[in-house]
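Mapping to numbering that gives the first Met the number 0: the sequence shown position 103 is 102, numbers consecutive.
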Amino acid sequence: MSLPTQSTPAPAPADLAPARDVASRPSLAELTTLRVGGPVGEYVEAESEAELIDAVRAADDAGVPLLVVGGGSNLLVADEGFDGVVVRDVRQGVDADLEDSCGTDGACGGASLRLPAGQDWDTFVAEAVANEWVGVEALSGIPGTVGAAPVQNIGAYGQEVSGVVASVRTWDRATGQRRTLPLSALGFGYRTSVLKRSMRSSEQGGPWYPTPRYVVLEVHLMMRLGSLSAPVGYAELARRLGVQVGERAPAADVRQAVLELRAGKGMLLDGVGGAPTPDHDRWSAGSFFTNPVLPADLADELPEDAPRYPVRSATPVTTTGPSLGAVDASLVKTSAAWLIERAGFTKGFGVAGEHSPARLSTKHTLALTNRGGATAQDLVALARTVRDGVLDTFGIELEPEPVLVGLAL
């Protein structure tokens, strides 16, 4: 696949600082929000871009399996662990370049932001709202790092990160070069991107699983300045805010409302947004299955009360926000949670009943949770049961959202 990019040769190995191999190697259970997964072969924390590249290149040169982790919120790793190199980018910080001119819509200028891949996502969102950088307020409370955001094209409550991404600077494992992918080359879609798809691509030496061919180094965001949010694109959020879909609200109010909605569904990590003391409903990977995107004629066969949502382009038609992408009339998105519930699975369901170590959240059927002491295999068994139940009932196969390492549904 030919991509319009900018490539930069890598520095010679002698110019790279050695990555730090942490003496005490954590298990994957300590690095993931599901809190399952066995030991790692080698664990490296990269505190600079040079260290990150060095660790990735060293693993690839040695032919050793590589797993780059961020917040660990989108991973389900086998109980046997990962016999390879686990690299965690721990860099934090935001480099902001602001323009101060004001427009007739009340928005003033724009913010050009460059963030290292390791930057904690929700910490950045809080900073963005505080500084009146508009376009990510509805993505509040999502666990993980900035580097993972464009890979997955994270989204929630009518907003997707693709609406503010200008480019992503990466390390191309195939060519051994830094490569900048502009928005036009990122191939954003619902919970996907060129970055994510490169993980399993067979091009130029792949597949690269479980880490993409393109390892994110830095993300460049372009955001509006203003106190009002991007247009609210989700009915539940609009009702909470007392506005109509498509209207704006104070960005700080949007963030608070989203945090409250997520908390009510058990979709906040412990300690985020005022989340209460440890709760096993939050020992999850968030939404375990993506919402199915169906051909319109297949969606017509669903029961009349099945949720139906428009499928929009991941790239906005205008600069007013990701909720305003062009609608593709040939496709319809429905709710995975609705399908799960209508297939007979209730909140708190477990394969072995209420004492199962892995169960659906008691607050939201789309989250698979570790109730304490669950193994990866317990979670896989639960996921298979739910997936197969929906398939038998509706003929729709749910797709897992997390990356499964050493496991298969």
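Glycine included, every Cβ here is placed at the ideal spot set by N, Cα and C. Here the structure is a predicted model, which is why all the values come from computation and not from measurement.
Burial check for residue 326: the Cβ neighbour count within 10 Å stays below 16, so the residue is exposed. Secondary structure at residue 207: coil, using DSSP grouped into helix, strand and coil. Taking the Cα positions, residue 209 is about 13 Å away from residue 201.
Under the three-pair Cβ rule at 8 Å, the region 126-133 does not count as touching the region 32-52. In the DSSP annotation of this structure, the continuous segment of the beta strand (DSSP E) that includes residue 44 starts and ends at 39-45. Short of 7 Å from the beta carbon of residue 335, and not among the five residues preceding or following it, lie these beta carbons of its own chain, in chain order: 288, 289, 290, 291, 365, 397. With 16 or more other CB atoms across the displayed protein chains lying within 10 angstroms of its CB, residue 360 is buried. Put simply, of 26, 27, 32, 25 the residue whose alpha carbon is nearest the alpha carbon of residue 285 is 32.
Residue 349 counts as buried, since no fewer than 16 other beta carbons sit within 10 angstroms of its beta carbon. According to the DSSP assignment, residue 337 belongs to no beta strand (DSSP E) but to the alpha helix (DSSP H) extending over 335-341.
Residue 224 and residue 140 have their C-alpha atoms spaced approximately 21 Å apart. Residue 392 sits in a helix when the DSSP states are folded into three classes. Sixteen is the threshold: since fewer than 16 other Cβ atoms of the shown chains lie within 10 Å of the Cβ of residue 23, the residue is exposed. Cβ-Cβ distances below 8 Å link residue 383 to 408 in the same chain, with the five nearest sequence neighbours on each side left out; the list follows chain order. In the DSSP secondary-structure assignment, residue 354 is not bridged to any residue. Between the C-alpha atoms of residue 198 and residue 370 there is a straight-line separation of about 31 Å. By the CB criterion at 9 Å, residue 97 and residue 83 fall outside the cutoff.
Secondary structure at residue 325: strand, using DSSP grouped into helix, strand and coil.
For the pair residue 170 and residue 305, the Cα-to-Cα distance works out to about 43 Å. Taking a contact to require three or more Cβ pairs closer than 8 Å, the region 252-267 and the region 133-148 qualify as touching.
As the crow flies, the alpha-carbon of residue 41 is around 20 Å from that of residue 72. Note on residue 63: under 16 other CB atoms within 10 angstroms of its CB, so exposed under the neighbour-count rule.
Under DSSP, the beta-bridge partners assigned to residue 369 are 357.
When the five nearest sequence neighbours on each side are left out, the beta carbons in the same chain lying within less than 8 Å of the beta carbon of residue 393 are those of 301, 338, 341, 342, in order along the chain. In the assembly as shown, residue 238 is an exposed residue. Its beta-carbon has fewer than 16 other beta-carbons within 10 Å. Burial of residue 217 is indicated by the presence of at least 16 other C-beta atoms within 10 angstroms of its C-beta. At a Cβ-Cβ threshold of 9 Å, residue 27 and residue 43 do not count as neighbours. For residue 247, there is no enclosing alpha helix (DSSP H), as DSSP gives it neither H nor E. Contact between residue 68 and residue 30 holds, since their C-beta atoms are separated by about 6 Å, short of 8 Å.
Here DSSP, grouped into helix, strand and coil, assigns residue 148 to helix. Only residues of its own chain outside the window of five on either side were considered, and among them 65, 84 have a CB closer than 6 Å to the CB of residue 58, listed in chain order. For the set 194, 111, 380, 206, the Cα lying nearest the Cα of residue 165 is the one of 111.
Ranked by Cα distance from residue 249, the first of 231, 259, 261, 260 is 231. Just so you know, the alpha carbons of residue 354 and residue 76 end up roughly 23 Å apart. The beta carbons of residue 241 and residue 190 sit no closer together than 9 Å. Across the structure, residue 332 and residue 163 are spaced so that their CA atoms are roughly 22 Å apart.
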